[in-house]
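Here is the structure we will look at, set down as structure tokens.
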Amino acid sequence: MKQFFATLLALVVFSSFANARTLKAVADGNWTNPATWSPASVPTDKDMVYIPNDRIVTITTNINQTSYTMDIRVGGRLNFVGGGAKLRLSSQSIVFVYPAGEIYANQNSQVIILGGTTVLNASNNGTLITGPSAAIAGNSTNNLASSNTPSGFLPYSPSALPVEFIAFTATRTGNDVLVQWSTAGEVNADRFEVEISRDGRAWETVGTLAAAGTTSTIKEYSYTARNLGGSLQVRVKQLDFGGRFMYTAVRSLRATADASIKMTATTGRLVLNFGSEVKDASIRIMNLAGQVLQEQKMGSAIGQVLVPTNYKGLCIVAVVTESGVAASQKVIL
3 MKQFFATLLA
13 LVVFSSFANA
23 RTLKAVADGN
33 WTNPATWSPA
43 SVPTDKDMVY
53 IPNDRIVTIT
63 TNINQTSYTM
73 DIRVGGRLNF
83 VGGGAKLRLS
93 SQSIVFVYPA
103 GEIYANQNSQ
113 VIILGGTTVL
123 NASNNGTLIT
133 GPSAAIAGNS
143 TNNLASSNTP
153 SGFLPYSPSA
163 LPVEFIAFTA
173 TRTGNDVLVQ
183 WSTAGEVNAD
193 RFEVEISRDG
203 RAWETVGTLA
213 AAGTTSTIKE
223 YSYTARNLGG
233 SLQVRVKQLD
243 FGGRFMYTAV
253 RSLRATADAS
263 IKMTATTGRL
273 VLNFGSEVKD
283 ASIRIMNLAG
293 QVLQEQKMGS
303 AIGQVLVPTN
313 YKGLCIVAVV
323 TESGVAASQK
333 VIL
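Residue numbers (our numbering): 3 to 335.
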């Protein structure tokens with residue numbers, strides 16, 4: 003049990019998703035329907051999936067993505083409907099139910115499996131999981147849930163988490179760095195400090211923003227650090243009024259954008275030219291506040307790539323790889 007809670011807190015507070023995208027439910031709907039989510043796409047590998055307290059998301063099919071690692075946070079309701087409704091993800095995934103959140107399943111074929119661990123094994127009488135609770139893959143057992151104990155979700159104390167980070171990004175625009183993060187809840191939170199490092203060891207604070215104190219609603223923060231050339235690493239430190247603190251994951255930024263990546267636009271599409279091959283990258287179209295409007299993932303890109311888009315006006319386009327932002331540019335669509 004102690005090992006579970008230690009692992010759980012490490013996963014929640016120090017997220018391992020280095021380039022995680024937050025996918026938020028903006029409509030009641032099916033998990034596999036892009037219209038349910040913002041940005042409009044289906045949850046995929048390394049996504050942080052957030053269902054707010056005014057939304058219901060339904061799983062009706064077998065979501066068999068055992069190679070996908072996801073951080074799922076349920077503030078509203080996640081429903082399983084139909085005998086084929088299943089959710090299978092990698093052993094590094096976590097399912098987190100907030101205090102007002104619920105997961106409901108009502109057939110004994112409905113399951114949530116993380117790696118080899120069954121954390122939800124529903125019954126025909128109905129299985130309701132409420133928060134605050136969470137589930138991760140077991141370290142010493144193949145099954146945390148059974149017909150007698152249908153849920154492998156274990157409780158946590160919300161007060162143990164001063165801030166629940168649900169998103170954190172750092173994007174370079176020239177010599178400036180736009181740092182953005184979101185929280186799903188804060189307890190006794192005093193402030194946030196934006197820190198940078200040139201070597202990964204020595205850190206300096208380049209900006210401070212006041213926190214919300216205590217709240218259970220989503221809060222979004224943004225800070226632009228000016229004149230920061232060169233390669234660097236970025237993180238956000240949260241401090242509460244009692245002196246406790248915690249960090250986000252670290253984001254790495256290159257010294258300059260990849261000059262071989264060119265960006266232009268024509269009516270209804272973004273045009274990118276890759277002078278050399280780029281693998282496992284995402285193309286993100288963002289507004290000037292850094293909000294992701296559209297994202298397209300690529301296994302490999304070289305030469306010309308066309309990205310259809312309905313967005314118009316001045317946007318920021320970023321090409322993001324596992325090592326950071328490869329290129330970022332303002333484009334008029």
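For each residue, glycine too, the CB sits at the ideal point set by N, CA and C.
- Taking all protein chains shown into account, Arg228 has fewer than 16 neighbouring C-beta atoms within 10 Å of its C-beta and is therefore exposed.
- In chain order, Glu195 and Glu197 place their CB closer than 6 Å to the CB of Thr207, counting only its own chain and leaving out the 5 sequence neighbours on each side.
- Of all alpha-carbon atoms in Arg200, Thr210 and Arg246, the one lying nearest the alpha-carbon of Leu230 is that of Arg200.
- Here Pro310 is exposed: its Cβ has fewer than 16 other Cβ atoms, across all protein chains shown, within 10 Å.
- Here DSSP, grouped into helix, strand and coil, assigns Ala87 to coil.
- Per the DSSP secondary-structure output, Ile318 pairs in a beta bridge with Met288 and Lys332.
- Here the stretch 209-217 makes no contact with the stretch 244-256; the two share fewer than three CB pairs at distances below 8 Å.
- Listed in chain order, the beta strand (DSSP E) runs fully inside the stretch 262-314 are 263-268, 271-288 and 294-310, counting runs of at least 3 residues.
- Collapsing the DSSP output to three states places Thr120 in a strand.
- For Gln109, there is no enclosing beta strand (DSSP E), since its DSSP letter is neither H nor E.
- Apart from sequence neighbours up to five positions away, the residues of its chain that approach Arg174 with a beta-carbon distance below 6 Å are Leu255, Val327 and Ser330, ordered along the chain.
- In the structure shown, the three-state DSSP call for Ala37 is helix.
- If you check the CB distance, Ala136 and Phe98 come in under 7 Å.
- A buried status is given to Ser95, since no fewer than 16 other beta-carbon atoms sit within 10 Å of its beta-carbon.
- DSSP places Tyr70 in the coil class of the three-state scheme, outside both helix and strand.
- Closest in C-alpha terms to Lys221, from the list Pro157, Gly232, Trp205 and Ala191, comes Ala191.
- Annotation: Thr46 is outside any beta strand (DSSP E) and is labelled neither H nor E by DSSP.
- With contacts defined as CB atoms closer than 7 Å, Ser278 and Ser262 qualify as a contacting pair.
- The shortest C-alpha to C-alpha distance from Ala204 to any of Arg237, Leu180 and Glu188 is the one to Arg237.
- Within the same chain, and ignoring the five residues on either side of Asn64 in sequence, the residues whose Cβ sits closer than 8 Å to its Cβ are Gly86, Ala87, Lys88 and Arg90.
- Between the alpha carbons of Lys26 and Asn126 lies a gap of roughly 30 Å.
- Taking the C-beta atoms as reference points, Gly78 is found no nearer than 7 Å to Pro101.
- In the structure shown, the three-state DSSP call for Gln240 is strand.
- In the three-state DSSP reduction, Ser199 falls in the strand class (E or B).
- As far as DSSP is concerned, Val189 takes part in no beta bridge.
- In its chain, beyond the 5 residues on either side, Arg193 have a beta carbon closer than 7 Å to the beta carbon of Ala212.
- Under the DSSP assignment, Phe170 falls in the beta strand (DSSP E) whose first and last residues are Val165 to Thr175.
- Of Met72, Trp39 and Ser43, the smallest CA-CA separation from Val59 is found for Trp39.
- Judged by DSSP in its simplified three-state form, Asp30 adopts coil rather than helix or strand.
- In the three-state DSSP reduction, Gly209 falls in the strand class (E or B).
- Annotation for Leu80: the continuous beta strand (DSSP E) segment containing it runs Arg79 to Phe82.
- The continuous beta strand (DSSP E) containing Ala227 extends over residues Lys221 to Ala227.
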